[in-house]
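Presented below is the structure to which this report refers.
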Amino acid sequence: MKRIVFLISGNGTNLQAIIDKCKTGDINANIVSVVSNNPDAFGIERAKSEGIETKVINHKNFKNRDLFDNELFKYIEEVNPDLIVLAGFMRILTPKITDSYFGKIINIHPSLLPKYPGLNTHSKVIENKDSSHGVSIHYVSNELDAGPLIAQATIKTKDKEAIEDLIERVHAAEHKIFPKVIKLICDDQIVLNSEKVIFHDLKTNGVHIDEYY
Ligand code: GRF
């Protein structure tokens, strides 16, 4: 059974979606720890109430990014995960972590990458009147939101849709596609081979999963 560590900063609805699938046995993995840089992250409460180990490493207690990452790296080494999942983790990791764990860290990002890396993706979609929006799941590299893509879920935007509604629909898509990807990784059906994502599942062979919601 794969050992997963989650890194979060906030609400943790994606974390919850994965916890639920681990509990039913749909995902063959054990969430061994949930780490947050934000002591007030509600995701920490979710993990505690599921009996999952939690760790707060508050970035504000460190003078710079390197010192914060050293502490985080030390903790991750102790926990010794097979997979590190970034789910709403609002810190940029340094190469110390991204290089050491390349191929073992994935991130979920609320846009159709390479469009809109970084923050405020939903308002950018609205401002630019994009006809579609969505979610990307990718391996984490040294470049922000730019590592090898694993999967995308697309949603159609609606005319004059309120940003809150758009965000809610993106979240709903995340909660569907993220568990699917994590299941495949935990079953060794998706691996990163140098820079190329390999799908062992025939249905997804050769292309990244691209779903429409
Ligand atoms: C998600 O939209 C994810 O794509 C982004 O941060 C948000 C986290 O939401 N990286 P939650 O904390 O899982 O509810």
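The sequence shown begins at 67 in the numbering used here and counts up one residue at a time.
Backbone N, C-alpha and C define an ideal beta-carbon position, used for all residues, glycine too.
The model shown is predicted, which means the values in this text are computed figures rather than measured ones.
**Asked** Under 7 Å from any heavy atom of ligand 1, does the C-beta of ILE163 make it?
**Response** no
**Request:** Please classify VAL236: does DSSP put it in a helix, a strand, or coil?
**Result:** helix
**Message:** Under 8 Å: do the stretch 235-254 and the stretch 169-182 share three or more Cβ pairs, one atom per stretch?
**Reply:** yes
**Item:** For ALA284: DSSP bridge partner residues
**Value:** Residue 284 is absent from the model: the chain starts at 67 and stops at 279.
**Message:** Can you list, in chain order, the residues of its chain with a C-beta nearer than 8 Å to that of PRO292? Leave out the 5 residues immediately preceding and following it.
**Reply:** Past the edges of the chain, shown from 67 to 279, lies residue 292, and the structure says nothing about it.
**Item:** Between the CA atoms of ALA217 and LYS121 - distance to the nearest angstrom
**Value:** 29 Å
**Request:** Give a single yes or no on whether GLU116 has its beta carbon closer than 7 Å to a heavy atom of ligand 1.
**Result:** no
**Nearest-angstrom beta carbon gap, ARG131 and ASN96 [assumed within contact, 8 Å]** = Incorrect: roughly 30 Å between the Cβ atoms, too far for contact.
**Message:** With DSSP as the reference, identify every bridge partner of THR187, one or two as the case may be.
**Reply:** Answer is none; THR187 lacks a bridge partner.
**Prompt:** Excluding five sequence neighbours on each side, which residues of the same chain lie with their C-beta closer than 8 Å to the C-beta of PRO105?
**Reply:** VAL122, ASN124
**Item:** VAL151 burial status per 10 Å Cβ neighbour count (16 or more: buried)
**Value:** buried
**Request:** Compute the Euclidean distance between the alpha carbons of PHE108 and GLY78, then round it to the nearest angstrom.
**Result:** 7 Å
**Message:** If contacts are defined as beta-carbon pairs under 8 Å, then ILE74 and VAL98 qualify, I think. What distance do you get, rounded to the angstrom?
**Reply:** Between VAL98 and ILE74 the Cβ distance is about 14 Å, and since that is not below 8 Å, they are no contact.
**Prompt:** Which residues mark the beginning and the end of the beta strand (DSSP E) in which SER202 is found?
**Reply:** 198-205
**Asked** If you drop the 5 nearest sequence neighbours on each side, which residues of the same chain put their C-beta closer than 6 Å to that of LYS190?
**Response** TYR182
**Asked** Using the C-alpha atoms, what's the distance from GLN255 back to ILE171?
**Response** 16 Å
**Message:** At a threshold of 7 Å, does HIS199 count as lining ligand 1 (C-beta to nearest heavy atom)?
**Reply:** no
**Asked** In terms of residues, what are the limits of the alpha helix (DSSP H) holding ASN80?
**Response** 79-89
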